[in-house]
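**Student:** I'd like to ask some things about the structure below.
Residue numbers (mature numbering (1 follows the signal peptide of the UniProt record, and there is no 0)): -21 to -1, 1 to 353.
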């Protein structure tokens, strides 16, 4: 119980200043320009392993026509910047790999020198660990576990999950995001298919069940985790969380870009409770970059067309495409890459972000000579 009280009080102290703050005009504070972005991660890449590597990575991004870098700051239950919150809670201020360095600050300095926007990408979101049975976070706070309809820890594709609906968990993640926004000159923050998110397997923990019963005349949630009403009820809770987070961040830094890179709709809602068309409708993020990761131009085009159908007429400029550039050392064929970018422009999508940085090296001529003109 003492641990629970400590973590509850920590976020409250961080967020209490918002209670009396004026709500900003969140609809017009952040002008959106076409994005030509890339994700920079610490997995299968040495780009963040030294200040020199970061400067080299930024130089390649600049040469390649990249305008926005989404650099990972939250991965496998650890931060990639020195975090007082993580030090106080878990005795680990930063991922061991980075020692006493600050890769986020180094990236900001290098990126801004090159006139490139730098966004703090909270890659792991509400996933506490990968292949570690919850890792240090859920070991210390077992009541934070997301629970499935069989009473087990929610695990999907190797990722173990915290309960996104629990206020303590929400405050923990919020506190990390606020820590970055207050301490670093980032241009934006970004969540992806894990923030805000939880596999639709989850929601059967005591807190969420009690909340559901309170709002449904004492009835338990359906055992069918894909029940449409049950999906929507949980997805709406995530939408509320994002709305509150957006307002809090805009209070601190009105021109901060708050972007999301979810999976494609409606799969994202059915599998991870992410209802990004509603996020756009409510103005809870500045733009979205759905992960349109496909292996053929026919599939890519059809998927992108489907995603665009969920946009209102005035939302086209708030939609960019996530393009798969490298995974497991494999890159798309050059013609396929060109076709995807051409399809984006043909369909009125003015920009994209590439997963991930290392893939830029496979297409030096295309990016330096052609892409920058697209």
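Glycine is no exception: its CB is placed at the ideal position from the N, C-alpha and C atoms. Quantities reported herein were computed from a predicted structural model and do not represent experimental measurements.
Report the rounded CA-to-CA distance for residue 141 versus residue 56, giving the unit in angstroms.
**Tutor:** The straight-line gap from Cα to Cα measures roughly 11 Å.
**Student:** Taking 8 Å as the cut-off, decide whether the C-beta atoms of residue 26 and residue 17 are in contact.
**Tutor:** In this structure, residue 17 does not lie closer than 8 Å to residue 26 by Cβ.
**Student:** Where are the beta strand (DSSP E) runs, 3 residues long or more, that stay fully inside the segment 204 to 247, in chain order?
**Tutor:** Correct list: 236 to 239.
**Student:** Exposed or buried, residue 278, counting other C-beta atoms within 10 Å across all chains shown (16 or more means buried)?
**Tutor:** So residue 278 ends up on the exposed side.
**Student:** May I ask you to list the residues that DSSP assigns as paired with residue 298?
**Tutor:** The partner list for residue 298 (beta bridge, DSSP) reads 267.
**Student:** Nearest by alpha-carbon distance to residue 67: which of 77, 155 and 102 is it?
**Tutor:** For the residues 77, 155 and 102, the minimum Cα distance to residue 67 belongs to 155.
**Student:** Pull up the CB-CB distance for residue 28 and residue 96, whole angstroms please, since I reckon it's below 8 Å.
**Tutor:** With a Cβ gap of about 22 Å, residue 28 and residue 96 do not count as contacting.
**Student:** Going by the CB atoms, is the gap between residue 260 and residue 214 shorter than 8 Å?
**Tutor:** The answer is no: Cβ separation not under 8 Å.
**Student:** Taking Cβ to Cβ, would you say residue 305 is nearer than 8 Å to residue 276?
**Tutor:** No. Outside cutoff.
**Student:** State the start and end residues of the unbroken alpha helix (DSSP H) segment that holds residue 191.
**Tutor:** From DSSP, the alpha helix (DSSP H) with residue 191 extends over 185 to 194.
**Student:** If you compare alpha carbons, which of 299, 337 and 344 is closest to residue 326?
**Tutor:** Residue 299 is the option with its Cα nearest to residue 326.
**Student:** Once you ignore the five residues that flank residue 263 on each side, which residues in its own chain have a CB closer than 6 Å to its CB?
**Tutor:** If we look at residue 263 and ignore the five residues flanking it on each side, its Cβ neighbours are 221, 222 and 225.
**Student:** Helix, strand or coil: how does DSSP classify residue 11 here?
**Tutor:** Residue 11: coil per DSSP, three-state reduction.
**Student:** Might you give, ordered along the chain, the residues of its own chain that have their beta carbon closer than 6 Å to the beta carbon of residue 171, omitting 5 neighbours on each side?
**Tutor:** If we look at residue 171 and ignore the five residues flanking it on each side, its Cβ neighbours are 240.
**Student:** Can you list the beta strand (DSSP E) stretches of 3 or more residues lying completely in the segment 83 to 131, in chain order?
**Tutor:** The qualifying runs are 96 to 100 and 106 to 109.
**Student:** Quick one: what's got a C-beta closer than 6 Å to residue 342's C-beta in the same chain, skipping five residues either side?
**Tutor:** Closer than 6 Å at Cβ, skipping near neighbours: no residue.
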